[in-house]
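Some notes on the structure that comes next.
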Amino acid sequence: MKNIRLFIIFLISCLNFSFVYAQEYVLRFQNITSKQGLSDNRINDVIQDSNGLIWAGNKLAINKYNGEKTESYEIENGGVVTKLIQAKTGTILAATTKGIFVYNADKNRFIGLTSDDKNFNDLLKGNIWKLIQSREDDTFWFINGSTLGGFKINDNFDIDVKTQNIITNDSSSSYSTLVEDTKHVIWLGNTRGDIFKYRPKSSKTVELFRALTKVAINDILADNTNKLWVATNGQGLFHIDPDNGSLVHFLNHHRNNQTVNSNIVLSLFLDQKNNLWIGTDGGGLNLFQHKTNTFHFFKQGFDNDYSISDNSILSISQGLDKTILVSTVHGGISIFKNHLDIKRISAEALGFNYKDGQSSTILEDSDKNIWLSAGRDGLRKYNPNTQQLTSFIDNPKDPTDFSGSIVLSLMEDKQKRIWIGTLRGGLNIYDIKNKRFIVNLPHNDSQRIYAIEEAKNGDIWIGSSDGIKIYDVNLNLIDKIQVSLKNSSGNNVTAIYKDVKDDMWVGTENGLHQYQITSSGYNKQSYYSNPQDSVSLSSNHILSIAETENLSLLIGTYGDRVNIYSRTRNTFQKLKTKNNIDGAIIRGILKDKNHNIWLSTNTGLSKINTDGSVINLTSTEGVQAFNGGSAQLDSKGSILMAGSQGLTYFHPKELQPNSPLPKVFFTSASIVNNQESSDSINYHLSLNKAVINTPIELSHNTVLFAINFSSSYLYAPDELTYAYKLDGLNDTWQPIENTKSLTFSSLNPGDYTLKIKVANDLGAWSPYIASLKIKVTPSLWQKKSTKAIIFLTLLTLLIVIYKWRIASIKSQKEKLQYKLKLKTNEVKKQQDEVYQGKIAVLDAEKKNQKLNQKKLKDELKFKINELTNHTLRTIHKNNLLNDIREKLKQEIKLAKIDKQNLRNLINLIDDSFILDKDWESFYAIFNQVHPTFFDDLKTFCPKLSERDIQLCALIKLNFSSEHIAILYGISLSSVKVARHRLRKKLGVKEGQPLKDFLSDINVIEDV
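Be aware that the sequence shown starts at 1, since it is given in full-length UniProt numbering, and climbs by one per residue.
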């Protein structure tokens, strides 16, 4: 009756499962085995500590893996590890068949826990099967046979006797597992299938909850609602509600997606998303999702390096950086990223008959069917709702079926017809309404049909290796376009795109072309790569074309990533992003509903966010490389892609890239010292906690110091980049890409701090920084004490030498002073004699000077008198001329000319010539007295006339205005006017005498 009741409950639970079609999540496993140094590939338990180190227990030892190497710790008396935990303090504890051991980081070894209480100590030293730490009061609980024990330890790893607890059970069966729920109730299972509960605060006895099965309970898990999941050794999985006693039994009856795939369930784990992970014996890793009440299975695959390493799962635990660790019976450790965003329909479900490296061409039609190429095996139509699959494979004997085995392009027109371009089978058209292929298509001789596009008027453009063919809606061939020379690469069409303006853009293996459709034909504009033109295409080989929100065009190239074409500037440039796009071959470009760009590349998918950042999805995330074909968007906004692994899909909104912020830590170091008397000596250090917490001392003769480091992200360590800084040598971070080692040579004595940081695949730096102190000790001669002694010795020696030198100098000084005194007297006597002689010479020179001055004054006086006489003669000349003028006036008035009067006038004119020569003599004499006056005057005021210069000379000689008027034969008022004009020309200030100005001007000679 009991079994019947359980079976009925199981049937009822199955009826509540929602129907889903055949899909599986894409998980990529990274495996750690004996190749990485594990002592044994059978791992009983595995954990990753808070620093990122992986601890794995097996029959031989406890292995610690740091990403570089594995270190082994043997357990005393050959104990086999059954459980590993990390305490809240960070200490690692191991439950073994020979007791409980704790890792002492300072001594870098595991030591056994002991108690002063003999009974409790005997219990501790026995076969410890499970070990947990309470979340309530930090008590450690363990099971040994049918006994439950509890204790607390201090920082010195000593057990507090007051906290020891022993709770026995009269059952003859041994406990096999224990767990604590959120109410801090301890649940235990035994080898007979019984479940017990223990309330630490309210009870000292273990109460039987219920007898579940007759087989051993391997594991118990309490979920967030305190419901129990019970793993059994042959009866599958139970889900129990302790409050009302109801249960659901999941027993393998070969029902897909509705139950476990193995009845031997070994381990359970509940992740942060409330997903239940189930480790089975033979069935691999199972996943149960509460939202859909469905199971998913992950088993070891053939020829798949990214599948789980074994199908028998002994334990499951949470790792750092959102990873999950799995220990297996034969495959060591498997690690996977806990993201369930990408799903897949297997290649088998799609009727792929064999593996092919070519990616699929995909299309979702108007009826929501998925059309996809199957490598070299034709075409498939898959209905996601009904899982119905239709295969189209070329039968050479049937002219009405699908033609061609390799599909290159797919497109549905407005008439609900699927246009299918093939490599060698020409063009196929499938009528969805009538469910048949249209035969006898005219001029169907094209090969390598890579592109098909529908124009605005319903015409279909077919791009192939021989240019473009255009069919109308009635399937009549209406035009052929030779894009370039026939049989040339420029005529091999690889992409066709209709833009928002209904222009047709055609990409070829040699250039890009724009066709504007007009009533009379086409207006063609061609674009090519020109190395001399920075705003031209970067590559002529075009594979894909798309459009952005601002109507710019994105051009995917073969080998040169993406170009962007600006319509307003009519220019091309390479698309700039914040971080690199992995692949260089761009086979497809999509734009999702959030305006993000998705590129199908030769390495996978690259998402370009609206802020310019790039997320690259590769095989690590389960995304295939695109070797032909490209990803497509379906009507729901999901991204579809297919290949030899099947049909992979996800919704961009659900995709949450799991970029880690890992911890970084040091692993080992090597030191090479140079010995003068022997060869170099190499030391190797394992950098455990005891070493890292104290500075590493390097000798002064260390010629090489190498340091290795790793990170907690062991799932895909090659995606990380590192940088270092050595305080004491440089203050800036130095990038070192993915290098996980550093080498320093001949560091100067001093204290240094080496810092390492790590960045994820998006370039975001983790906040965790590893630090290591390094002390380079000086040699004897480099020590400060030695330098101080040498300095003091030299200082003392200098003082002695200084004092000796001072005394010697003093003695020499006294001798020199005496000699100096004698010499001084002698020199003084000679100086007196010389002084008297010099005085006599100076007196003679003074008398000679006075005579010369007197002579010069006499000469000057003579010259002035001569100049004055010359001036007077000039005045006489002017008077003479005035007389001539008056007499001529009188002669004119006479009726008859008097010859005698004329002769008298001639004589007067002769006298005037003599006076002209007198002006020349005047200038010559004046220049002797004032040699630079005329030149300086002309320099000061170049606009002066010859009459002005003569006037300046007369004024300088202190001639009065009356004398000047007589000299020039003009009136006194005319002289005043002339003097006034001269003052203006010279810029003489009002009130300043003109004579003083001519004497004081800087450029005039100072007489």
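Heads up, the beta-carbon is just placed ideally off N, CA and C, and yes, glycines get one too.
- DSSP places Glu920 in the helix class (H, G or I) of the three-state scheme.
- Between the alpha carbons of Thr139 and Thr163 lies a distance of about 8 Å.
- The alpha-carbon of Pro652 is positioned some 27 Å away from that of Ser566.
- Counting C-beta pairs with one atom in each stretch, the segment 266-279 and the segment 303-311 have fewer than three that are closer than 8 Å, which means they do not touch.
- DSSP places Phe744 inside the beta strand (DSSP E), whose first and last residues are 741-744.
- Judged by pairs of C-beta atoms under 8 Å, the segment 72-84 does not touch the segment 344-361, as fewer than three such pairs exist.
- The continuous beta strand (DSSP E) containing Asn218 extends over residues 217-222.
- Asn127 places its beta carbon less than 8 Å from that of Asn144.
- Cβ-Cβ separation between Leu475 and His443: approximately 11 Å, too far for a contact (criterion under 8 Å).
- For Val161, there is no enclosing beta strand (DSSP E), as DSSP marks it with neither H nor E.
- Taking 8 Å as the cut-off, the Cβ atoms of Gly622 and Ile342 count as close.
- Counting along the chain, Ser334 sits inside the beta strand (DSSP E) bounded by residues 333-337.
- In the three-state reduction of the DSSP assignment, His980 falls in the helix class.
- For Val326, the closest C-alpha among the options Asn353, Lys847, Asn286 is that of Asn286.
- Using a 10 angstroms sphere on the CB of Val81, the tally of other CB atoms reaches 16 or more, which defines it as buried.
- Leu372: member of the beta strand (DSSP E) spanning 370-373, first to last residue.
- If you check the CB distance, Gln447 and Arg424 come in under 8 Å.
- Taking every protein chain shown into account, the CB of Ile790 has fewer than 16 other CB atoms within 10 angstroms, so this residue is exposed.
- If you compare the alpha carbons of Arg561, Glu697, Ala349 with that of Pro749, the shortest gap goes to Glu697.
- If the five residues before and after Ser526 are omitted, its C-beta is found closer than 7 Å to the C-beta atoms of Gly511, His513, all from its own chain and listed in chain order.
- The beta carbon of Lys125 lies closer than 6 Å to those of Gly99 in the same chain, with the five residues before and after it left out.
- Around Ser635, the same chain offers Glu364, Lys368 as residues with beta carbons nearer than 8 Å, after the five sequence neighbours per side are excluded.
- Closest in alpha carbon position to Ile639, among Gly604, Pro662, Pro660, is Gly604.
- Separation of Gly969 and Lys857 (C-alpha to C-alpha, rounded to the nearest whole angstrom) is 33 Å.
- Every unbroken stretch of the beta strand (DSSP E) spanning 3 or more residues and falling wholly within the segment 74-114 is given here in chain order: 81-86, 92-96, 99-104, 109-112.
- By the C-beta criterion, the segment 735-746 is judged to be in contact with the segment 702-711, since at least 3 inter-stretch pairs fall below 8 Å.
- Sequence-distant partners of Leu53 (beyond 5 residues in either direction) whose C-beta falls short of 6 Å from its own C-beta, in its chain, are Lys64, Asn66.
- Note that the C-beta distance between Leu350 and Gly646 is below 8 Å.
- Boundaries cannot be given for His330, as no alpha helix (DSSP H) includes it and DSSP labels it neither H nor E.
- Secondary-structure assignment with DSSP links Pro735 through a beta bridge to Ala723.
- Per DSSP, the beta-bridge partners of His296 are Leu287.
- Taking C-beta separations shorter than 7 Å and ignoring five residues to either side along the sequence, the partners of Pro399 in its chain run Val439, following chain order.
- For Ala706, there is no enclosing alpha helix (DSSP H); the enclosing beta strand (DSSP E) has its first and last residue at 702-711.
- Asp155 and Ile92 do not touch by the CB rule: their CB atoms are close to 15 Å apart, not below 8 Å.
- The residue among Ile432, Leu655, Phe238, Gln289 with its C-alpha nearest the C-alpha of Val265 is Phe238.
- Put simply, of Val977, Phe940, His930 the residue whose alpha carbon is nearest the alpha carbon of Lys956 is His930.
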